[in-house]
Amino acid sequence: MPSAPRLPGLWPRPRARTRRDALPGLHLALGATILWVGLLVVLPLLALAIRPWQDGAAPMLAALHDRRMLAALELSFGSAALAALVNLPLGLLLAWSLVRTRLPGRRVVDALIDLPFALPTAVTGITLATLYGPHGWLGAPLAKLGVRVAFTPLGIMLALAFVGLPFVVRTLEPVLRDLPPELEEAATLLGAHRRQIVTRVLLPPLLPALATGFGLAFARGIGEYGSVIFIAGNQPFRSEIAPLLVVIRLQEFDYAGATSVGFIMLLAAFLSLAVISALRRRLSRGLGGGEAA
């Protein structure tokens with residue numbers, strides 16, 4: 001039988017289904033996160049990028065021709081890069097020892113690796129300056145051998161290596177945990193030597209993590225201040241880092257010069273990290289292509 005016609009106004013219309021988010025409160029949490037990141041990260045960086053140009057291009061041009069600033073930037077970036085490179089083999093050995101061995105005292109070493117995260121940077125700098133000073137426990141024997149650590153660029157690199165080592169270890173550790181030991185056993189059964197196992201089996205999947213750890217340690221070292229100034233010596237054109245030069249410009253009430261140096265540091269850091277990030281993505285894609293093949 002034909003159905004009875006629906007009279008308008010007598011039957012309620014079906015309501016449209018409301019779309020529900022998989023996570024309750026997603027929009028509120030996302031909005032709060034964007035607001036928090038904008039206030040703490042985006043807004044200060046935007047202010048740093050705009051402030052040097054408020055008085056015209058003269059402060060920026062003067063900063064670009066400041067030999068003292070260029071020497072400080074060269075020391076900061078060079079020391080950070082060298083310290084991150086030194087941390088790569090050390091971090092790999094420590095991560096390997098923590099993951100693949102059961103040596104006594106392993107938990108103590110695991111806790112000590114995070115010590116640079118817990119110590120105030122000023123305490124780290126004072127401790128290193130005391131140990132490696134001319135009359136320190138380690139500085140005095142090294143001075144007899146003709147090696148000066150404190151108040152030299154070598155001391156700066158040592159301080160940056162100390163604060164950057166945990167980044168490399170903690171980046172490599174989960175990757176090593178995901179590498180099954182059966183890969184090494186299979187390579188051994190196929191007749192591979194130990195060097196071939198390291199270079200062809202272990203290193204390829206570790207290369208993206210090594211690049212990431214290098215980038216994190218390098219980024220930490222560029223702007224490090226507290227752990228460096230006590231052991232650096234702070235001599236212009238020799239052992240003066242760029243963050244200290246920013247503080248000096250602020251103490252001289254040269255706000256345009258301080259922000260110009262900060263902006264150049266920010267731009268150089270962004271370019272350096274962009275190159276490292278591109279290298280890491282390229283290594284990851286190469287690793288995926290090799291696995292697919």
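Positions 1 to 293 (full-length UniProt numbering) are the ones given, in order, by the sequence shown.
From the three backbone atoms N, C-alpha and C, an ideal C-beta is built for every residue, glycine too.
Contact check for Met157 and Ala83: beta-carbon distance about 5 Å, within the 8 Å limit, so the pair qualifies.
Within its own chain, the residues whose Cβ lies closer than 8 Å to the Cβ of Gly226, once the five positions on either side in sequence are excluded, are Pro120, Thr121, Ala122, Thr124 and Gly125, listed in chain order. When Gly262, Ser239 and His65 are compared, the shortest CA-CA separation from Leu250 is found for Gly262. In this structure Phe270 is exposed. Its beta-carbon is surrounded by fewer than 16 other beta-carbon atoms within 10 angstroms. Secondary structure note for His65: it is in no alpha helix (DSSP H), with a DSSP letter that is neither H nor E. Your pair Pro153 and Ser272 does not check out as a contact, with CB atoms roughly 19 Å apart and the cut at 8 Å. Within its own chain, the residues whose Cβ lies closer than 6 Å to the Cβ of Ala161, once the five positions on either side in sequence are excluded, are Ala83, Val86 and Asn87, listed in chain order. For Leu131 against Leu138, the beta-carbon gap comes to about 5 Å, under 8 Å, which counts as contact. No residue range can be given for Arg238, since it is assigned to no alpha helix (DSSP H) and is classified by DSSP as neither H nor E. Per the coordinates, the alpha-carbon of Leu165 lies some 36 Å from the alpha-carbon of Phe253. When C-beta atoms of the region 90–97 are compared with those of the region 163–180, three or more pairs fall below 8 Å, so the two segments count as touching. Collapsing the DSSP output to three states places Gln54 in coil. By the neighbour-count criterion, in which a residue is buried when 16 or more other Cβ atoms sit within 10 angstroms of its Cβ, Ser79 is buried. Taking a 10 Å sphere around the C-beta of Val42, we find fewer than 16 other C-beta atoms and assign the residue as exposed.
Using a C-beta cut-off of 8 Å, the region 185–205 makes no contact with the region 58–74, since fewer than three inter-stretch Cβ pairs fall below that distance.
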